[in-house]
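Heads up: the protein sequence lines correspond to chains A and B, in order. Start counting the first sequence at 2; every next residue gets the next number (our numbering). Start counting the second sequence at 2; every next residue gets the next number (our numbering). Input: a single structure, listed below in structure tokens.
2 protein chains.
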Amino acid sequence: MPPRPYCSPRRAAAAQQTRRRILDAAAVQLRQSQGIGAFSLEGVGRAAGVTRPTVYNQFGSRRTLLEAVFDDLAARGGLHRLGAAMGDPDAGAGLRRLIAIFCDFWSFDHALFASLYNAGGTGAEFEESLQARNQRRRHALAVLVGRLVDGEGKTDQGVRDELVDILFAVTSFQFFRALSAGHRSADEVRRMIEQIAADAVRRFSAPPAATTA
Amino acid sequence: MPPRPYCSPRRAAAAQQTRRRILDAAAVQLRQSQGIGAFSLEGVGRAAGVTRPTVYNQFGSRRTLLEAVFDDLAARGGLHRLGAAMGDPDAGAGLRRLIAIFCDFWSFDHALFASLYNAGGTGAEFEESLQARNQRRRHALAVLVGRLVDGEGKTDQGVRDELVDILFAVTSFQFFRALSAGHRSADEVRRMIEQIAADAVRRFSAPPAATTA
DNA sequence: TAATGATTTTACGCTATGTAAAGTCATTAT
DNA sequence: ATAATGACTTTACATAGCGTAAAATCATTA
Chain A
2 MPPRPYCSPR RAAAAQQTRR RILDAAAVQL RQSQGIGAFS LEGVGRAAGV
52 TRPTVYNQFG SRRTLLEAVF DDLAARGGLH RLGAAMGDPD AGAGLRRLIA
102 IFCDFWSFDH ALFASLYNAG GTGAEFEESL QARNQRRRHA LAVLVGRLVD
152 GEGKTDQGVR DELVDILFAV TSFQFFRALS AGHRSADEVR RMIEQIAADA
202 VRRFSAPPAA TTA
Chain B
2 MPPRPYCSPR RAAAAQQTRR RILDAAAVQL RQSQGIGAFS LEGVGRAAGV
52 TRPTVYNQFG SRRTLLEAVF DDLAARGGLH RLGAAMGDPD AGAGLRRLIA
102 IFCDFWSFDH ALFASLYNAG GTGAEFEESL QARNQRRRHA LAVLVGRLVD
152 GEGKTDQGVR DELVDILFAV TSFQFFRALS AGHRSADEVR RMIEQIAADA
202 VRRFSAPPAA TTA
């Protein structure tokens, strides 16, 4: 006996609302409980006016919920500008635009990112999810580096990887937060990162000059 | 009635052993449970052949236990060389020595640091402890920067702070881990950090040249 | 209007937390 | 010698969160 069709607009809408309420509550809880220590599905449920099993019903697991929060954030954080930046005919300008885009992104909801990136509580599980989401940035940087270094001396793969890793590190949330140091504006930090990135690119493009400080 | 004197060598020794066993068990548990998610005092107690209240008796709180693990690590990690490095008459060489010292330190027990720095589980509480312990590095960098930039053009405090923050960021565990990328040797990473640091120092020492990449 | 199935809730067993009260045992004083 | 003392450890308790299974709710469909 094949299950008969069933589509309920009223219930579907209600469920959608529930989902939204849970998602918002989760974001609030995360922002408040800096770190993931005090972030409990119990609390999320309470704040959303719903019981915990409902949270599980909507987002299979803690990890999936966190991913949903992150993705919701990403959708509003201005990352869509990345495509245009990558299309910039000047690869150097593209890199600067990428840096600006991510500085905006990280400062867009700093408290939430701070909690999200203190991912110890969830173990390596969620850490993997974050890494997967950062792969887009990494890939974009790899493409830019390919264009930047192209035609110059160093086409060695390992060396290019070094530059990509450096740019990846200095455009990470952790680096942004470190340079923010609790008081610097997003724009000041952007300028600092830009210069560090420019130095790195210069070093990898130019013929190996003196290495002394 | 003043409490009478009591000093028990036998019991004190036993307690000391218990403490050691707990500390070692905690380190093992941390290394295994990457992140602090799966790190429970319950598990530590079990692994140490002791009940949980004993853990509390020896180290007042979860936080104190983690601090003890970190400090135990620091004692064996070679940080004692910092004094000599700071005494180097050449501030640039001192900086390079500091970088080498911390690269050694971070790679000394990488798995343990990785867990320790995924501090989300413990909330901001333990994060503060870590920050406090990193202040020594920050202070050392501030001193070196003072000597490096001294006599040159930029004596502006804010600008010097920028350089200190950059050097602080690139000598952090997170940056080391990012550049390690799961495959690079500590020495390769050291070389990369050295160059980034050198570039930063050069930029802050030299009269402001072109800022283009 | 009774059966269906999506959604939510109640209920259960488990692990961990932090503390308080009781137990164990080497040491001290009478 | 032996009873009191106090350091160290454990048993016991109350609470909170986790994840799942079974029941309850209720809009839709036959």
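In this text, a Cβ means the ideal position worked out from N, Cα and C, and glycines have one as well.
The shortest C-alpha to C-alpha distance from Glu189 of chain B to any of A:Val160, A:Ser186, A:Ala170 is the one to A:Val160. At a cut-off of 7 Å between beta-carbon atoms, Ala86 of chain A makes no contact with chain B. By the rule that beta-carbons nearer than 7 Å mark a contact, Gln175 of chain A touches chain B.
Secondary structure of Thr172 of chain A (DSSP, three-state): coil. Annotated three-state conformation of Gly78 of chain B is coil, per DSSP. Unbroken beta strand (DSSP E) stretches of 3 residues or longer found wholly inside the stretch 55-141 of chain B: none.
Within 8 Å of the CB of Leu113 of chain A, no CB atom of chain B is found; the nearest one sits about 13 Å away.
A distance of 7 Å or more separates the beta carbons of Glu68 of chain A and Arg53 of chain A.
Between Val29 of chain B and Ala48 of chain B the beta-carbon gap is near 6 Å, inside 8 Å, which marks them as a contact. For Phe205 of chain B, the enclosing alpha helix (DSSP H) covers residues 187-206. When the Cα atoms are used, Ala75 of chain A and Phe106 of chain A turn out to be separated by approximately 8 Å. In the DSSP annotation of this structure, the continuous segment of the alpha helix (DSSP H) that includes Val29 of chain B starts and ends at 10-33. At least 7 Å separates the beta-carbon of Ile194 of chain A from that of Val165 of chain A. Within chain B, no residue has its beta carbon less than 8 Å from that of Arg138 of chain A; the closest one is some 12 Å off. Judged by pairs of C-beta atoms under 8 Å, the stretch 136-154 of chain A does not touch the stretch 138-150 of chain B, as fewer than three such pairs exist.
Remark: fewer than three beta-carbon pairs, one from each stretch, lie closer than 8 Å, so the stretch 16-26 of chain A and the stretch 104-119 of chain B are not flagged as touching. Chain-ordered, the chain A residues with CB closer than 8 Å to the CB of Leu180 of chain B read Asp166, Ile167, Ala170. Under a 10 Å Cβ-count criterion, Gly36 of chain B is classified as buried, with 16 or more other Cβ atoms of the shown protein chains found around its own Cβ. In the assembly as shown, Gln132 of chain B is an exposed residue. Its beta-carbon has fewer than 16 other beta-carbons within 10 Å. DSSP places Ser41 of chain B outside both helix and strand once states are collapsed to three, so it counts as coil. Exposed is the label assigned to Asp157 of chain A, since fewer than 16 other Cβ atoms lie within 10 Å of its Cβ. When the Cα atoms are used, Met87 of chain A and Ile100 of chain A turn out to be separated by approximately 11 Å. Contact check for Ser130 of chain A and Arg64 of chain A: beta-carbon distance about 6 Å, within the 8 Å limit, so the pair qualifies. Here Ala27 of chain A has Val45, Leu66, Val70 as same chain residues with Cβ atoms under 7 Å from its own Cβ, once five neighbours each way along the sequence are excluded. Closer than 7 Å to the CB of Asp91 of chain A there is not a single CB belonging to chain B.
Contacts with chain B at 7 Å (Cβ-Cβ) do not include Ala101 of chain A. Judged by their CB atoms, Leu168 of chain A and Ala198 of chain A are nearer to each other than the 7 Å cut-off. With a contact defined as Cβ atoms closer than 8 Å, Asp89 of chain B and Arg98 of chain B qualify at about 6 Å.
The C-alpha of Arg191 of chain B lies about 15 Å from the C-alpha of His111 of chain B. Considering only B:Arg185, B:Ser181, B:Asp162, the residue with the shortest C-alpha distance to Ala179 of chain A is B:Asp162. Ranked by Cα distance from Asn58 of chain A, the options A:Leu24, A:Phe177, A:Ala94, A:His184 are led by A:Leu24. At a cut-off of 7 Å between beta carbons, Gln35 of chain B contacts chain A.
With a 10 Å radius around the Cβ and a threshold of 16 neighbouring Cβ atoms, Asp91 of chain B comes out exposed.
Note on Ser9 of chain B: under 16 other CB atoms within 10 angstroms of its CB, so exposed under the neighbour-count rule. Of the residues B:Ala201, B:Arg21, B:Arg77, B:Ser181, the one whose Cα lies closest to the Cα of Phe60 of chain B is B:Arg21.
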